[in-house]
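Residue numbers (full-length UniProt numbering): 1 to 420. Please read the structure below before turning to the comments.
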Amino acid sequence: MFFTAGSATMSFLDDLPFLSPDPLLSVAQQAERDHRIGKLDLTIGVYKDRSGQTPIFKSVKSAESSLVQNEITKSYLSTEGVPTFCNAIADLILSPHDVTCNRLATVQTLGGTGALSLAGRFLSDNFPESVIWIGTPTWSNHVAVMRQCDLNVQTYARSLPTGGRNFAALMDVLTHKARRGDIILLQPICHNPTGDDWSKAEWDEITVQIVKAGLLPLVDIAYHGLGQDLASDLTRLHTLVEQTDVTLVCYSCSKNFGLYRDRVGALLVAGQSNVQPQALQSQLAAIARTNYSMPPAHGALTVGHILTTPVLRQQWENEVESMQAHLHTVRTQLAAHKQIGPCNVQTIATGRGMFCMLPLPPTIIMLLRNEYSIYMADNGRINLAALNENNLLQFVALIDRVWANTQIGTMRNVNVPASL
Numbered sequence: 001m002f003f004t005a006g007s008a009t010m011s012f013l014d015d016l017p018f019l020s021p022d023p024l025l026s027v028a029q030q031a032e033r034d035h036r037i038g039k040l041d042l043t044i045g046v047y048k049d050r051s052g053q054t055p056i057f058k059s060v061k062s063a064e065s066s067l068v069q070n071e072i073t074k075s076y077l078s079t080e081g082v083p084t085f086c087n088a089i090a091d092l093i094l095s096p097h098d099v100t101c102n103r104l105a106t107v108q109t110l111g112g113t114g115a116l117s118l119a120g121r122f123l124s125d126n127f128p129e130s131v132i133w134i135g136t137p138t139w140s141n142h143v144a145v146m147r148q149c150d151l152n153v154q155t156y157a158r159s160l161p162t163g164g165r166n167f168a169a170l171m172d173v174l175t176h177k178a179r180r181g182d183i184i185l186l187q188p189i190c191h192n193p194t195g196d197d198w199s200k201a202e203w204d205e206i207t208v209q210i211v212k213a214g215l216l217p218l219v220d221i222a223y224h225g226l227g228q229d230l231a232s233d234l235t236r237l238h239t240l241v242e243q244t245d246v247t248l249v250c251y252s253c254s255k256n257f258g259l260y261r262d263r264v265g266a267l268l269v270a271g272q273s274n275v276q277p278q279a280l281q282s283q284l285a286a287i288a289r290t291n292y293s294m295p296p297a298h299g300a301l302t303v304g305h306i307l308t309t310p311v312l313r314q315q316w317e318n319e320v321e322s323m324q325a326h327l328h329t330v331r332t333q334l335a336a337h338k339q340i341g342p343c344n345v346q347t348i349a350t351g352r353g354m355f356c357m358l359p360l361p362p363t364i365i366m367l368l369r370n371e372y373s374i375y376m377a378d379n380g381r382i383n384l385a386a387l388n389e390n391n392l393l394q395f396v397a398l399i400d401r402v403w404a405n406t407q408i409g410t411m412r413n414v415n416v417p418a419s420l
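Have a look at this one:
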């Protein structure tokens, strides 16, 4: 569309500002365009097996085959999503055998990001004066999503400058800075980007202070099963929902079902509140209706079928266990080097999940990226699943040599093994 201003014809879009792309996605796109032999992409959080592939789960393939054969309609779903999926996910996360709480609402969402966005909009609409507290470093999209929902985002330093958890900073927020009714965003397991989870004692104290301060926890679970195991990874969440009035849980099926592009997630609300859930469910449904009307069916039907079919459920659990074992092996092997370039990596062994941090100088990260096709996030986060017996030793050796060369002031070429 065009309009005339004076003698000039202008488009409504002429003055549209350019928005900088997401930094992590930009690096991933750069890696995708790089066709040099030996490229290693450690950016985006997708699981890769020991051959470097991101396979479809066998349990998923079996479930999909059954669904396709028996599907009789493509008619609309409800705004809340696939009932079988919602019930199965709630049972998986909040099994009555493991936790005592009231399930107040479950809504299918467009992946974990969709759950966060739906939760953020609900919180913004109903608690507009509340601050949401987010520890940094965190997943690169957390702050952006919450600000897009018009929430007042305040951050605190979750990590110490020298590495490790900054428990004192979180305690300062919970006991002094946060006001009653504020929101605290937490990752109970497999912290992205550090992999450095709160200890059980720390989490117990976090829960006590959340209750005492009257805060509303928003929990992000994107890597269930990839920490210790499917049951152990939920113990911290269960501690929280058994002691808080209300907890919002954002759950992603991207990693632990391998359904990245199918966008399968859920928002659950649970706690000790005895409030009738109809009003809450209506609020979430109304937000979904004005955004995407209803979620897609295929991925949710697949997950629901797996979780409610004993043979497929067992197969899926075995596949998740194999993923966790691979990640644990990589952590152990990396930590065994003790030092990689300037980075002390011994604590990587005690981390959980897909990620860890290699706090390399930005100049080294850029050099690895531009000269040697080794891609990691700007902050040094790496996806451990991309490392395996075919490339881990070469990866470590390359960083050591590049770092050594920069230290002695020479930038001569480093021989890169072709197998990297």
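Ideal placement from N, C-alpha and C gives every residue a C-beta, glycine not left out. Quantities reported herein were computed from a predicted structural model and do not represent experimental measurements.
Sixteen is the threshold: since fewer than 16 other Cβ atoms of the shown chains lie within 10 Å of the Cβ of R179, the residue is exposed. The beta carbon of V311 sits closer than 8 Å to no other beta carbon from its chain once the five residues preceding and following it are set aside.
A straight-line Cα-Cα distance of about 28 Å links A325 and A115. When beta bridges are read from the DSSP output, P217 appears opposite I184.
The DSSP assignment places complete alpha helix (DSSP H) segments of no fewer than 4 residues inside the segment 281-327 at 298-308, in order along the chain. Rounded to whole angstroms, the separation of the alpha carbons of Y47 and L259 is 11 Å. In this structure, DSSP gives Q29 a helical state, which the three-state scheme calls helix. Beta bridge pairing from DSSP links G81 with S78.
A213 and L174 have their alpha carbons spaced roughly 7 Å apart. C101 sits away from V249, with the two beta carbons spaced by 8 Å or more.
Per DSSP, G111 is one residue of the alpha helix (DSSP H) stretching across G111 to N126.
In this structure D262 is in contact with H298, their Cβ atoms being roughly 6 Å apart against a cut-off of 8 Å.
Secondary structure within the segment 194-249: the beta strand (DSSP E) runs of 3 or more consecutive residues, fully enclosed, are 216-221 (chain order).
Under the criterion of beta carbons closer than 8 Å, T109 and L118 qualify as touching, at roughly 6 Å. Per DSSP, reduced to three states, the secondary structure at Y260 is coil, with no helix or strand assignment. The C-beta distance from L123 to I183 rounds to 6 Å, short enough to fall under 8 Å. One thing to note: Q315 has its Cβ within 8 Å of the Cβ of K58.
According to DSSP, G135 shares a beta bridge with Y156.
Look at A336 here: in three-state DSSP terms it is coil, with no helix or strand label.
The secondary-structure analysis by DSSP pairs A349 with nothing; it has no beta-bridge partner. The beta-carbon distance between G112 and G265, rounded to whole angstroms, is 5 Å. This is short enough to meet the 8 Å contact definition.
A direct Cα-Cα distance of roughly 9 Å separates A88 from H305. When the beta-carbon positions are compared, R103 and P137 stay at least 8 Å from each other. The beta carbon of A169 sits closer than 6 Å to the beta carbons of Y156 and A157 from its chain, once the five residues preceding and following it are set aside; these are given in chain order.
In this structure M376 touches T43 by the C-beta definition: roughly 6 Å separates them, less than 8 Å. Judged by DSSP secondary structure, I382 falls outside any alpha helix (DSSP H) and instead within the beta strand (DSSP E) spanning R381 to N383. If you compare the alpha carbons of P359, N152, S66 and T309 with that of G380, the shortest gap goes to P359. Here DSSP, grouped into helix, strand and coil, assigns R179 to coil. When the Cα atoms are used, L398 and L160 turn out to be separated by approximately 27 Å.
C-alpha of H337 to C-alpha of T406: approximately 20 Å in a straight line. Cβ contact annotation for R36 (same chain, cutoff 7 Å, sequence separation greater than five): S373, in chain order. When the five nearest sequence neighbours on each side are left out, the beta carbons in the same chain lying within less than 6 Å of the beta carbon of L334 are those of V345 and I348, in order along the chain. No Cβ-Cβ contact shorter than 8 Å links T84 with S293. For F355, the enclosing beta strand (DSSP E) covers residues F355 to M357. Cβ contact annotation for N166 (same chain, cutoff 7 Å, sequence separation greater than five): A157, R158, S159 and L160, in chain order. A residue is called buried once 16 or more other Cβ atoms fall within 10 Å of its Cβ, and Y223 is buried on that count.
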